[in-house]
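Everything on this sheet refers to the single structure shown next.
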Amino acid sequence: MHKDVFADIPAYRRTRIAVAGLSVVLSLVAGGCADSDATATAGGSTSPRSSSSADPWAVTDLAGYTGGKSGAADTSLSPVKIGWVNQQGGSLEYPSATLGAQAAVKYINEKLGGVDGHPLELSTCYVVDSEQEGNSCGLKMANDDDIKAVLVGTLINGGQSMRAVIQGSKPILMSNSISTPDAKGKNVFIFNGNPDSIFGGLATYLDDEVKAKSVAVFYPQDAQSIDGVDVLRKDLKKLGIKLKAVGFDPATTNLTAAAVAAGVQTADAVVPLVSSPPNCVAAAKALESLAVKAPIVSTGSFCFSNAVAQGLGGEAPKWLQLSTQTNVADTTLTDVRAYLKQSESASLKTDARTDSDATLAWSLVMTATKFLNAAGGADATTKTVAKAATSFSGPMLLGSETVKCGAYTDQPGLCGAQSRVFEHTGGNTFSAATDWITPSGL
């Protein structure tokens, strides 16, 4: 029996629906070949990781970040309320996001003086399965005059209906968005990324760092994957990079034929767009059997889970990982070390603490508190909170240095668009392979 080297990483809980794009990153999917006559265009940047593991701007001081004060909130004062919408309780659920949000509220109220001395309160609403449930959450958020802002956790279903009900009446704060139209919505603020930014980040990395001229992709044939390839193909085409992508039946247990058909043996880079444990295991086995030497870039935490490690005999694949947030498995980073200590003191358990959903939620609640304090504390209004969000210029807690809402004219709600590549070096060890990547094509 091999030692379970991923014991501190939560077992895979995501279905293929999540390939649409949230969590550590928005999953990237492809189908078909790109045209080969495109010319490279300017835009986007990335750089190799320096010998130092510390980001000079990394956020470790939460009091300074949120504008809070040392000590506990005054429980005799009226609470300041924010909304929290997350998907959980059904066949597809992300309870760690709520655990991360609740731990952040606990830390803020016990260590950071709440919001200008008042306790911070989380008003929750959960989407279980259907899109229609987002309508109910939207009504709850819109009709509660005490809610200053609506925070969105990990949400696959219900987002569009929720936003349609709120109708821009309150600021909606998101870490990642799985849908490009979100960034065009009224009073929406996205701080880590969306499909366009993550596809652009991948394309920029493959162009600037890998110097790829050809990319091989193999992917499960589902609606999300087929839709996603159009974005990836366009981004690669702009940079003059050829894409060959081959789809496979998601039930297939041997992906060697699909990998060969995609050209993994001759491509400059390989992107296995897989997310379920069986597909991750099959992809890793296929690439190993073919002795692929090109860089292999995974898009998310899916293939580094406990279940995948067990399926491969105790070790997850040593691939590169593209992420829209800091990977908390890289404990050389100062902000990661601070987060792990701070969240532990807020009683966030280890399995949740190392889960990307919880990490994103922790960061988002802290950032919302920053806006509330800047917007007047207990006297903050939805308008002053939105103004504070609009003026936020980063750095993002456990995220990138650069944040600027309105930087992309056709997607004004996309405030943070950078991503980063981490290298899995074995066991539960990751290291940052690049600094933050500014995507091309946006």
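Position 152 of the sequence shown, counting from 1, maps to 152 under the UniProt record's numbering, and the rest follow consecutively. All C-beta atoms in this analysis are idealised placements derived from N, C-alpha and C, irrespective of residue type, glycine included. Small disclaimer: the values here were computed from a predicted structure and weren't measured.
Residue state for T154 is assigned as coil, using DSSP reduced to three classes. In this structure, R420 and A407 do not form a Cβ contact; the two beta carbons are roughly 18 Å apart against a cut-off of 8 Å.
Using a 10 angstroms sphere on the CB of W57, the tally of other CB atoms stays under 16, which defines it as exposed.
Taken through DSSP and simplified to helix, strand or coil, I198 comes out as helix. If the five residues before and after V105 are omitted, its C-beta is found closer than 7 Å to the C-beta atoms of L120, L122 and V365, all from its own chain and listed in chain order. Using a C-beta cut-off of 8 Å, the region 256-275 makes contact with the region 205-223, since at least three inter-stretch Cβ pairs fall below that distance. Proximity of the region 71-82 to the region 330-337 falls short of the contact definition, fewer than three beta-carbon pairs being nearer than 8 Å. Annotation: the continuous beta strand (DSSP E) that includes K81 extends over V80 to Q87. Distance from the CA atom of A245 to the CA atom of S161, rounded to whole angstroms, is 33 Å. In this structure Q342 is buried. Its beta-carbon is surrounded by 16 or more other beta-carbon atoms within 10 angstroms. Ranked by Cα distance from I241, the options T252, N192, A73 and G200 are led by G200. Burial is judged here by how many other beta carbons sit within 10 angstroms of a residue's own beta carbon; D145 has fewer than 16 and is exposed.
For the pair I82 and K148, the CB atoms are nearer than the 8 Å cut-off.
In the DSSP annotation of this structure, the continuous segment of the beta strand (DSSP E) that includes N176 starts and ends at I172 to N176. Annotation: C303 to T402 spans about 28 Å, alpha carbon to alpha carbon. For V308, there is no enclosing beta strand (DSSP E); the enclosing alpha helix (DSSP H) covers residues N306 to G311.
Annotation: F392 to T252 spans about 46 Å, alpha carbon to alpha carbon.
Excluding its 5 nearest sequence neighbours in each direction, K69 has C-beta neighbours in its own chain below 6 Å: G113, listed in chain order.
Taking the Cβ atoms as the reference, A361 lies roughly 3 Å from G100, within the contact range of under 8 Å.
For V260, the uninterrupted alpha helix (DSSP H) segment begins and ends at T256 to A262. In the DSSP secondary-structure assignment, A216 is bridged to K244 and V270. If you compare the alpha carbons of Y94, S363 and L232 with that of Y107, the shortest gap goes to S363. Look at L320 here: in three-state DSSP terms it is strand.
Distance from the Cα of T124 is smallest, within the candidate group L139, T326, S298 and Q132, for L139. Collapsing the DSSP output to three states places F392 in coil.
In the DSSP assignment, G426 forms a beta bridge with T429. For the pair L92 and I156, the CB atoms are nearer than the 8 Å cut-off. DSSP assignment within the region 343-378 yields the following whole alpha helix (DSSP H) runs of 4 residues or more, N-terminal first: 350-353 and 356-374. Inclusion of D351 and Y94 in the CB contact set at 8 Å is not warranted, their separation being larger than that value. In this structure, V229 sits away from D268, with a CB-CB distance that is not shorter than 8 Å. Straight-line spacing of the CA atoms in L322 and L273 works out to 12 Å. In this chain, G193 is not harboured by any alpha helix (DSSP H); it is covered by the beta strand (DSSP E) spanning V188 to G193. Counting the other CB atoms within 10 Å of its CB gives Q418 a total of 16 or more, which places it among the buried residues. Secondary structure at A149: strand, using DSSP grouped into helix, strand and coil. In the displayed model, T124 falls within a strand according to three-state DSSP.
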